[in-house]
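Enquirer:
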Amino acid sequence: MTLETINQVEQEVYRFMKRLDAAKERIKSDNYYPCSGTKEIGALKRSALDLKNELTKITQPKND
1 MTLETINQVE QEVYRFMKRL DAAKERIKSD NYYPCSGTKE IGALKRSALD LKNELTKITQ
61 PKND
């Protein structure tokens, strides 16, 4: 694990948290989100997948 990898994961966590906050605000203000979905929920799902991919970099052994 390198410092660069840790920094990349940190950036992805920050991005995920921003998307999470946006989705929570949309859910609070929009009563129709269960019927139609929202772009914020879609962005949150994409961000979660990106975060998952970054987190796997921490657990994988480095091939030298």
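If you're matching positions, the sequence shown starts at 1 in the UniProt record's numbering and goes up one per residue.
Glycine included, every Cβ here is placed at the ideal spot set by N, Cα and C.
(1) Alpha carbon to alpha carbon, how far is K28 from M1?
(2) On the CB-based measure, 16 or more other CB atoms within 10 Å of its CB, does L3 come out buried or exposed?
(3) Taking its Cβ as the centre, do 16 or more other Cβ atoms sit within 10 Å of L49, making it buried, or is it exposed?
(4) Per DSSP, what kind of secondary structure is T2 in: helix, strand or coil?
Expert: The short version:
(1) Going by the C-alpha atoms only, they are around 39 Å apart.
(2) The residue in question, L3, is exposed, as its Cβ has fewer than 16 Cβ neighbours within 10 Å.
(3) With fewer than 16 other Cβ atoms within 10 Å, it is exposed.
(4) Three-state DSSP puts T2 in coil, outside helix and strand.
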